[in-house]
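Enquirer: Which chain is which? The protein sequence lines are B and Z, in order.
Just so we're aligned: the first sequence equals residues 1 to 270 in my numbering.
Just so we're aligned: the second sequence equals residues 271 to 564 in my numbering.
Before we start, here is the structure in question, set down as structure tokens.
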Amino acid sequence: MDDKRFKKRVLFLILYLVFAILPVYWMVNMSFKTNEEILSTFSLWPQHFTFEHYKTIFTDVSWYSGYINSMIYVAINTVVSLLVALPAAYAFSRYSFLGDKHVFFWLLTNRMTPPAVFLLPFFQLYTTLGLMDTHIAVAMAHLLFNVPLAVWILEGFMSGVPREIDETAYIDGYSFPRFFLTIYIPLIKAGVGVAAFFCFMFSWVELLMARTLTSVNAKPIVATMTRTVSASGMDWGVLAAAGVLTIVPGAIVIWFVRNYIAKGFAMGRV
Amino acid sequence: MKPVNQKAWLLILPVVLCVAFSAILPLMTVVNYSVQDIISPERRVFVGTEWFKAVMRDDDLQGALIRQIGFSLAVLAVEIPLGIALALSMPARGWQASAVLVVVAISLLIPWNVVGTIWQIYGRTDIGLLGAALSKLGIDYSYTGNATDAWLTVLVMDVWHWTPLVALLCYAGLRAIPDAYYQAARIDGASKFAVFRYIQLPKLRGVLMIAVLLRFMDSFMIYTEPFVLTGGGPGNATTFLSQYLTQKAVGQFDLGPAAAFSLIYFLIILLLCFVLYNWMQRVGTADKTEASHG
Chain B
1 MDDKRFKKRV
11 LFLILYLVFA
21 ILPVYWMVNM
31 SFKTNEEILS
41 TFSLWPQHFT
51 FEHYKTIFTD
61 VSWYSGYINS
71 MIYVAINTVV
81 SLLVALPAAY
91 AFSRYSFLGD
101 KHVFFWLLTN
111 RMTPPAVFLL
121 PFFQLYTTLG
131 LMDTHIAVAM
141 AHLLFNVPLA
151 VWILEGFMSG
161 VPREIDETAY
171 IDGYSFPRFF
181 LTIYIPLIKA
191 GVGVAAFFCF
201 MFSWVELLMA
211 RTLTSVNAKP
221 IVATMTRTVS
231 ASGMDWGVLA
241 AAGVLTIVPG
251 AIVIWFVRNY
261 IAKGFAMGRV
Chain Z
271 MKPVNQKAWL
281 LILPVVLCVA
291 FSAILPLMTV
301 VNYSVQDIIS
311 PERRVFVGTE
321 WFKAVMRDDD
331 LQGALIRQIG
341 FSLAVLAVEI
351 PLGIALALSM
361 PARGWQASAV
371 LVVVAISLLI
381 PWNVVGTIWQ
391 IYGRTDIGLL
401 GAALSKLGID
411 YSYTGNATDA
421 WLTVLVMDVW
431 HWTPLVALLC
441 YAGLRAIPDA
451 YYQAARIDGA
461 SKFAVFRYIQ
471 LPKLRGVLMI
481 AVLLRFMDSF
491 MIYTEPFVLT
501 GGGPGNATTF
511 LSQYLTQKAV
521 GQFDLGPAAA
531 FSLIYFLIIL
541 LLCFVLYNWM
551 QRVGTADKTE
561 ASHG
């Protein structure tokens with residue numbers, strides 16, 4: 001029976017992967033076509049193969065600086081989110097204290113504000129602080145939705161770790177920081193990996209805040225992309241090429257955290 | 271029971287400060303807008319709850335709210351089971367695991383405006399793969415002309431875009447289950463379904479709660495993708511709440527009513543999430559007591 005079941009599983013997985021990859025293939029396909037070809041003919045692969053769109057992006061500083069700006073604030077944001085979220089998630093998962101449940105839920109409510117109207121106060125706040133058009137401003141604004149997410153994910157994983165492990169470590173004479181870094185974090189690797197990836201991802205694709213808080217020096221790639229819509233129509237090819245290139249850094253990140261996610265709990269080693 | 275320790279506040283203080291910094295002032299500003307008639311930055315009149323009353327009477331808003339709730343429920347009904355199934359069928363180790371993880375995660379990494387644009391081409395019957403395939407099959411498909419097609423296209427696009435979020439969370443949750451549990455189940459001779467129902471599902475409760483809440487609130491605020499794909503049409507079949515709000519805030523420069531709308535919107539999401547959260551926690555704990563009795 002296992003063999004049959006296994007086949008069904010693999011079949012389902014392959015079907016899903018095809019469903020997942022086809023739109024991406026279409027984007028890659030578009031990025032190598034000329035704009036005339038994209039709009040005029042249906043073709044499964046490029047008839048007039050061109051690197052023109054990629055060349056536009058790699059040779060124009062206003063294009064490729066967008067990628068660099070995005071990477072800078074996303075990196076700051078991910079690191080800060082995880083650093084503040086780890087101890088907080090530990091506190092939520094291990095202790096009761098005044099208002100713990102309320103604070104925990106309040107954190108998540110910060111993800112529920114519809115952005116359209118909130119952008120103006122954000123703009124005013126960061127202008128007053130003199131942080132407009134800096135990477136710090138975007139990184140700080142993105143903490144609003146990434147920190148709660150990281151706390152919630154990490155808390156979920158930490159609650160799954162039996163409390164006996166903490167107690168055993170104390171009896172064995174571990175100091176708290178040493179216990180936390182060398183025993184506890186490896187135990188919740190999967191959670192840390194997922195939290196890091198999600199912080200990266202949400203900050204990477206966020207458009208409205210990033211666009212509001214920047215103009216030139218810290219302009220992110222997602223905002224630069226909106227340039228492809230102009231009076232003369234859409235520049236579909238460049239947009240597709242830029243889209244393909246936005247996947248690359250994230251794919252690298254997930255490649256690096258994959259071992260954290262895939263290996264997970266390692267009780268045997270404690 | 272968790273031990274009471276007020277010093278734990280020191281551990282959560284950095285988080286509270288980080289979030290409060292960007293949360294409280296903007297929220298207060300929006301509350302401030304919502305009770306004033308802002309004629310120009312210098313001329314403001316206090317109008318009390320007038321905007322709130324006006325928003326509550328708005329028929330278009332009620333239509334958008336009903337469409338929104340329907341859409342979010344459909345999103346949850348498809349993405350949560352599909353995400354769990356996907357996580358269960360993903361390989362656990364080896365290079366296949368890495369490759370599948372990367373492929374599954376790709377759709378999450380595409381900026382939302384590009385997602386909409388790609389699907390705009392992808393769904394066209396003349397130049398897009400999906401549209402062309404559907405019309406080859408003899409289906410009269412048009413996401414710009416037919417309301418049902420448009421709604422389904424937005425839903426399928428959302429499923430394509432966001433199911434990986436559920437799947438990745440569940441996958442990491444599954445990997446965090448110690449082998450000892452499976453060994454115990456094997457000794458008991460438990461069926462696959464029993465393993466899923468009594469070991470995997472309870473252990474996934476934490477991540478599933480996050481997945482459900484995240485997908486619910488994000489789909490409730492969906493804006494960019496349907497805006498780019500269908501522009502809310504045909505008619506208003508895919509005009510969801512946030513698009514209606516943006517029309518009000520940006521299109522009509524009506525800051526007061528838009529702020530009141532935002533706050534009501536926020537409170538609706540808050541209320542629904544609170545209900546979902548408490549309900550899921552109740553279900554989870556009921557499960558636990560049942561398991562310990564049985």
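Note that the Cβ used here is the ideal one computed from N, Cα and C, for glycine as well.
Computed from a predicted model, the values in this text were never measured in an experiment.
Using CA coordinates, which residue listed in Trp204(B), Pro220(B) and Leu125(B) is at the minimum distance from Phe145(B)?
Expert: Minimum Cα distance to Phe145(B) is reached at Trp204(B).
Enquirer: Only counting runs of 4 or more residues, tell me where the alpha helix (DSSP H) segments fall wholly within the region 97 to 145 of chain B, in order along the chain.
Expert: 100 to 109 and 115 to 128
Enquirer: Can you confirm whether the region 169 to 179 of chain B touches the region 235 to 249 of chain B when touching is taken to mean that 3 or more C-beta pairs between the two stretches lie within less than 8 angstroms?
Expert: Three or more beta-carbon pairs separated by less than 8 angstroms are not found between the region 235 to 249 of chain B and the region 169 to 179 of chain B, which leaves the two stretches without contact.
Enquirer: Can you list, in chain order, the residues of its chain whose CB lies under 8 angstroms from that of Leu542(Z), leaving out five sequence neighbours each side?
Expert: Phe486 and Phe490
Enquirer: Would you mind sorting His102(B) into buried or exposed? The rule is 16 or more other CB atoms within 10 Å of its CB.
Expert: exposed
Enquirer: Keeping to the same chain, check which residues put their C-beta closer than 7 angstroms to that of Val433(Z); ignore five residues upstream and five downstream.
Expert: Just to set this straight, residue 433(Z) is Thr in the shown sequence, not Val. Around Thr433(Z): Glu349, Leu352, Gly353 and Leu356.
Enquirer: Just the Cα atoms here: how many angstroms apart are Glu164(B) and Phe157(B)?
Expert: 15 angstroms
Enquirer: Would you tell me roughly how many angstroms separate the C-alpha atoms of Ser461(Z) and Gln453(Z), rounded to the nearest one?
Expert: 13 angstroms
Enquirer: Between Ser562(Z) and chain B, is any beta-carbon pair separated by less than 7 angstroms?
Expert: Because the pLDDT at Ser562(Z) is just 49, under 50, the model does not fix this residue reliably, and the point stays unresolved.
Enquirer: So what does Asp307(Z) bridge to, in DSSP terms?
Expert: Per DSSP, the beta bridge partners of Asp307(Z) are Val315(Z).
Enquirer: Under a CB-based cut-off of 7 angstroms, is Ala141(B) close to chain Z?
Expert: yes
Enquirer: Less than 7 angstroms between CB atoms is the rule here; does Trp549(Z) satisfy it with respect to chain B?
Expert: no
Enquirer: Suppose the cutoff is 7 angstroms on Cβ atoms and the five residues either side in sequence are ignored; what does the same chain contact list for Trp430(Z) look like?
Expert: Ser377
Enquirer: What is the DSSP secondary structure of Val229(B), reduced to helix, strand or coil?
Expert: Of the three classes helix, strand and coil, the one that applies to Val229(B) here is strand, per DSSP.
Enquirer: Under a Cβ-count criterion, where at least 16 other Cβ atoms within 10 Å of its own Cβ denotes burial, should His135(B) be classed as buried or exposed?
Expert: buried
Enquirer: Need the endpoints of the alpha helix (DSSP H) that Tyr90(B) sits in, please.
Expert: Val61 to Arg94
Enquirer: Give, in chain order, every residue of the region 170 to 181 of chain B whose Cβ lies closer than 9 angstroms to some Cβ of chain Z.
Expert: none
Enquirer: Please check if any C-beta of chain Z sits within less than 7 angstroms of the C-beta of Val138(B).
Expert: no
Enquirer: Can you give the Cα-Cα distance for Leu213(B) and Cys440(Z), rounded to whole angstroms?
Expert: 34 angstroms
Enquirer: Where does the unbroken alpha helix (DSSP H) through Gly191(B) begin, and where does it stop?
Expert: Here the alpha helix (DSSP H) through Gly191(B) covers Lys189 to Val205.
Enquirer: Report the partner residues of Val274(Z) according to the DSSP bridge assignment.
Expert: Ser96(B)
Enquirer: Does Ile14(B) pass the burial test, meaning 16 or more other C-beta atoms within 10 Å, or should it be called exposed?
Expert: exposed
Enquirer: With distance defined between alpha-carbon atoms, name the residue in Leu444(Z), Asn416(Z) and Met427(Z) nearest to Ala20(B).
Expert: Met427(Z)
Enquirer: Report the rounded CA-to-CA distance for Val18(B) versus Phe531(Z), giving the unit in angstroms.
Expert: A direct Cα-to-Cα measurement between Val18(B) and Phe531(Z) gives close to 41 angstroms.
Enquirer: Here's the rule I'm using: 16 or more other beta-carbon atoms within 10 Å means buried, otherwise exposed. How should Val545(Z) be labelled?
Expert: exposed
Enquirer: Pick helix, strand or coil for Met491(Z), following the three-state DSSP scheme.
Expert: coil
Enquirer: Count the other C-beta atoms from every protein chain shown that fall within 10 angstroms of the C-beta of Gly206(B), then say buried if there are 16 or more, exposed otherwise.
Expert: The amino acid at residue 206(B) is misidentified as Gly; the sequence shows Glu. So Glu206(B) counts as buried.
Enquirer: Going by beta carbon distance, what residues of the same chain come within less than 6 angstroms of Tyr179(B), once the five residues before and after it are set aside?
Expert: Correcting the residue type first, residue 179(B) is Phe in the shown sequence and not Tyr. If we look at Phe179(B) and ignore the five residues flanking it on each side, its Cβ neighbours are Ala169.
Enquirer: Which value, in whole angstroms, describes the spacing of the CA atoms of Val147(B) and Ala344(Z)?
Expert: 28 angstroms
Enquirer: Quick one: what does DSSP say Met326(Z) is sitting in, helix, strand or coil?
Expert: helix
Enquirer: Can you pull the chain B residues whose beta carbon is under 8 angstroms from the beta carbon of Ala528(Z), in chain order?
Expert: Ala116 and Val117
Enquirer: Terminal residues of the continuous alpha helix (DSSP H) containing Asp172(B)?
Expert: First-last for Asp172(B): undefined, no H or E at that position.
Enquirer: Give the interface partners of Gln276(Z) over in chain B, defined as CB-CB distance under 7 angstroms, in chain order.
Expert: Phe97 and Leu98
Enquirer: Can a CB atom of chain Z be found closer than 7 angstroms to the CB of Leu125(B)?
Expert: So, interface residue.
Enquirer: So is Asn217(B) buried or exposed if we call it buried at 16+ other beta carbons inside 10 Å?
Expert: Around the CB of Asn217(B), fewer than 16 other CB atoms lie within 10 Å, so the residue is classed as exposed.
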